[in-house]
Amino acid sequence: MSSKEVRKSDIIIIGSGAVGNAAAYFLSSAGRSVTVLEKDTVGNGSSVRNGGQNKMNTRGEPELSLGMYGVTEIWPRLQKELDVDIEFRKTGGYRNALTDDEMENMQKFWPIAKKYGMHIEYMDGTELRKRVPQFSERIAGAAHCEEDTWSNPLKTTLGLYSKARALGAKYYDHEKAVSIETVKGRAKRVVTECGHIYEADKICITACFGSRALLNSVSLDVPFTHALCEIFVTEPVPRILDEIFIGSKGGYYGTQTIHGSIVMGGGSRIGAFQREGNHVEFTLTPDNVPSGIKGLTDLFPSLENIKIVRSWSGWHDRTPDDMCCIEAIDEIPGLYAACGFSGHGFGISAPVGKVLSELMLEQPLGADISKLKFNRFMPIDAFTGDDRKR
Amino acid sequence: MEYKVFDRTKPIGEFTAQPDDDLIICRCEEITKGEIRKAVYDGMYTINEIKRYLRAGMGLCQGLTCGRNVKDIVARELGISPAELEEATPRPPARPVTAKVYADCRGEED
Ligand SMILES: Cc1cc2nc3c(=O)[nH]c(=O)nc-3n(C[C@H](O)[C@H](O)[C@H](O)COP(=O)(O)OP(=O)(O)OC[C@H]3O[C@@H](n4cnc5c(N)ncnc54)[C@H](O)[C@@H]3O)c2cc1C
Chain P
5 MSSKEVRKSD IIIIGSGAVG NAAAYFLSSA GRSVTVLEKD TVGNGSSVRN GGQNKMNTRG
65 EPELSLGMYG VTEIWPRLQK ELDVDIEFRK TGGYRNALTD DEMENMQKFW PIAKKYGMHI
125 EYMDGTELRK RVPQFSERIA GAAHCEEDTW SNPLKTTLGL YSKARALGAK YYDHEKAVSI
185 ETVKGRAKRV VTECGHIYEA DKICITACFG SRALLNSVSL DVPFTHALCE IFVTEPVPRI
245 LDEIFIGSKG GYYGTQTIHG SIVMGGGSRI GAFQREGNHV EFTLTPDNVP SGIKGLTDLF
305 PSLENIKIVR SWSGWHDRTP DDMCCIEAID EIPGLYAACG FSGHGFGISA PVGKVLSELM
365 LEQPLGADIS KLKFNRFMPI DAFTGDDRKR
Chain X
135 MEYKVFDRTK PIGEFTAQPD DDLIICRCEE ITKGEIRKAV YDGMYTINEI KRYLRAGMGL
195 CQGLTCGRNV KDIVARELGI SPAELEEATP RPPARPVTAK VYADCRGEED
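So the protein sequences, as listed, match chains P and X. The numbering of the first sequence is the numbering used here, which starts it at 5 and goes up by one. The numbering of the second sequence is the numbering used here, which starts it at 135 and goes up by one.
Following this line, the structure appears as structure tokens:
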């Protein structure tokens, strides 16, 4: 492509993770011409590095409508429509507590969950171990959520890409978008690091932590940190449980895949404090893999001799309230964004992609996203020290 | 070196079956030559994509046995040299390690 040539399409999507690819798929299915720009290679970001879980039981209320749209409609639809088996399963999930206080804390979620049609059942440790005998004696109780789901992140991300591409979406690797340009106040052009220019009436940013710089290019900002998190997988072992499982305080999350391997990751207090320029493939946070593996043997004492076959890491785009941002940006018509998934975006990537397509096609929305606008982040009230509400 | 990805907007034609498509290439995950060739036509142009899409190289040996062959097959379908394809990203540990060994090396004082 010569530097003067302009590539035109109906819609440009920046970032080819599960979210961008899902939007590209739904828009291509609706007959729109779609261009996807990717700074790295297709789908090499967080979407192929995560645990595959949709932990409905830990989402903030503003994300629950999206979550339920995914569980009831969009994930089952992708399972049928894509050419690969994305292994979507309504597994249900256990959220495990170590103390009565943690148990009480989890119970506060019940009325909120009920409002969204979710089913949560609380049980003590004895009942939990009746169902899953391998769980540690130290677990005091658990909340079981029927709406927790799992899908294979690799097959979902690449399956969406494959299908969108088959429907005509044009994917460009190593095309880092550096700025968005407006014409008469409307989003119109994307300029890439190589100096290429792409033009469309609608531009959608789904670039994980890269979204911030792109929003900054049109004088908008959304606050998030850029945290590194690790995860590992074991050799396959005989079936222990079908449900996904998480620690009530977020110390671990895991799943036994249909292959029998256990995929498990955890929280990190150090991950958000990486040195500038650290590379995701080579930097391991010291608190994560070894402590995560210790967590695995604490959780399932009988698995002490299980073999760890692989570990890797990925970035989180973590907002101040740990919830995502998704909107058609009022200030700049034609500009759309979905980012700030705070470490749990894969589980809602399919419904977020669908809702983005609905926004761009000007269709009624399948989920309520009104509480996920990024202008919700406000300075605190200095006098009371509380968060201010818009 | 930065590897260039094969242009995804360029048509590469349709998948056509070959007599040796049943040949098992990744023995750990039992992935055949035909499945790998087919994945290329589904748009999987890098070795990481093939691995993620099919699980080729994700079993116990982590691709040590089949890595070379997978690369050759993909390169042939794309009409390029295997040297133009980047290896799958290596992931630690190099050989499977028992959980207990890992868990014991957190450097904690008990
Ligand atoms: C270890 C780990 C475990 C996780 N576990 C879970 C889990 O179990 N459940 C769950 O729901 N979530 C989980 N997550 C979070 C989840 O992976 C992410 O929230 C989700 O994948 C975000 O999808 P995305 O499409 O927004 O981002 P990504 O997949 O990161 O895609 C963004 C893409 O944009 C590209 N990009 C960035 N800047 C630019 C630019 N300027 N120009 C062009 N392209 C650009 C990037 O290269 C990338 O390919 C986990 C994350 C990690 C790291």
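Idealized CB from N, CA, C, for every residue including glycine.
Residue j beta carbon less than 8 Å from that of residue i
i	j	result
methionine 60 of chain P	glutamate 151 of chain P	yes
alanine 173 of chain X	isoleucine 184 of chain X	yes
leucine 188 of chain X	isoleucine 170 of chain X	yes
threonine 4 of chain P	valine 222 of chain P	For chain P, the structure presents residues 5 to 394; residue 4 of chain P sits outside this window and is missing.
alanine 147 of chain P	tyrosine 120 of chain P	no
valine 182 of chain P	isoleucine 16 of chain P	no
alanine 228 of chain X	leucine 300 of chain P	no
lysine 180 of chain P	threonine 196 of chain P	yes
leucine 341 of chain P	leucine 164 of chain P	The identity of residue 341 of chain P in the sequence shown is alanine, whereas the question assumes leucine. The answer is no: Cβ separation not under 8 Å.
glycine 296 of chain P	glutamate 234 of chain P	yes
Reference residue i; option with closest CA among the options
i	options	result
methionine 364 of chain P	P:Ala34, P:Pro80, P:Asp302 and P:Glu308	P:Ala34
tryptophan 188 of chain P	P:Phe350, P:Ile336 and P:Ile310	Looking at the sequence shown, residue 188 of chain P is not tryptophan but lysine. Taking only the C-alpha atoms, the option nearest lysine 188 of chain P is P:Ile336.
serine 40 of chain P	P:Asn48, P:Gly56, P:Ser50 and P:Ala28	Note that residue 40 of chain P is valine in the sequence shown, not serine. Ranking the options by Cα distance to valine 40 of chain P, first place goes to P:Ala28.
alanine 26 of chain P	P:Arg169, P:Arg93 and P:Ser346	P:Arg169
phenylalanine 381 of chain P	P:Ala146, P:Asp325, P:Gln367 and P:Leu369	P:Asp325
aspartate 156 of chain X	X:Gly168, X:Gly193, X:Tyr179 and X:Pro216	X:Gly168
valine 38 of chain P	P:Asn54, P:Arg190, P:Glu203 and P:Glu125	P:Glu203
proline 157 of chain P	P:Lys393, P:Leu70, P:Gly281 and P:Trp79	P:Trp79
glutamate 370 of chain P	P:Gly281, P:Ile352, P:Asp246 and P:His123	Note that residue 370 of chain P corresponds to glycine in the displayed sequence, not to glutamate. When only C-alpha atoms are compared, the closest one is P:Ile352.
Any non-hydrogen atom of ligand 1 closer than 7 Å to residue i Cβ
i	result
serine 272 of chain P	no
glutamine 57 of chain P	yes
isoleucine 18 of chain P	yes
glycine 193 of chain X	no
phenylalanine 387 of chain P	no
threonine 210 of chain P	yes
lysine 43 of chain P	yes
histidine 200 of chain P	no
isoleucine 297 of chain P	no
serine 257 of chain P	Note on identity: in this sequence residue 257 of chain P is tyrosine, with serine being the wrong assignment. Tyrosine 257 of chain P Cβ: within cutoff of ligand 1.
glutamate 234 of chain P	yes
cysteine 343 of chain P	yes
histidine 320 of chain P	yes
leucine 245 of chain P	no
histidine 348 of chain P	yes
asparagine 156 of chain P	no
leucine 365 of chain P	no
leucine 224 of chain P	no
alanine 204 of chain P	no
valine 23 of chain P	yes
Cβ distance (whole Å) where residue i is taken to contact residue j below 8 Å
i	j	result
arginine 186 of chain X	leucine 86 of chain P	So it is not a contact: roughly 14 Å between Cβ atoms.
cysteine 329 of chain P	glycine 344 of chain P	4 Å
tyrosine 176 of chain P	glutamate 9 of chain P	Not really, about 13 Å apart at Cβ, beyond 8 Å.
asparagine 100 of chain P	serine 265 of chain P	No, asparagine 100 of chain P and serine 265 of chain P are not in contact; Cβ-Cβ is about 20 Å, not under 8 Å.
serine 166 of chain P	aspartate 176 of chain X	5 Å
leucine 194 of chain X	glutamate 239 of chain P	6 Å
tyrosine 137 of chain X	glutamate 211 of chain X	Between glutamate 211 of chain X and tyrosine 137 of chain X the Cβ distance is about 17 Å, and since that is not below 8 Å, they are no contact.
leucine 171 of chain P	serine 346 of chain P	Incorrect: roughly 31 Å between the Cβ atoms, too far for contact.
alanine 237 of chain X	lysine 298 of chain P	4 Å
glutamine 196 of chain X	arginine 322 of chain P	Not a contact, Cβ separation roughly 30 Å.
Below-8 Å beta-carbon distance, residue i vs any chain A residue
i	result
arginine 186 of chain X	Going by chain labels, chain A is absent from the structure shown, which instead holds the protein chains P and X.
Count Cβ pairs between the segment 301–310 of chain P and the segment 269–280 of chain P that sit closer than 8 Å; are there 3 or more? No: fewer than three Cβ pairs fall under 8 Å.
Quick check: the segment 18–38 of chain P against the segment 349–367 of chain P, are at least 3 beta-carbon pairs closer than 8 Å? Cβ pair count under 8 Å is three or more, so yes.
If contact is defined by three or more beta carbon pairs under 8 Å, each pair taking one atom from either stretch, is the segment 135–151 of chain P in contact with the segment 79–96 of chain P? The segment 79–96 of chain P vs the segment 135–151 of chain P: in contact.
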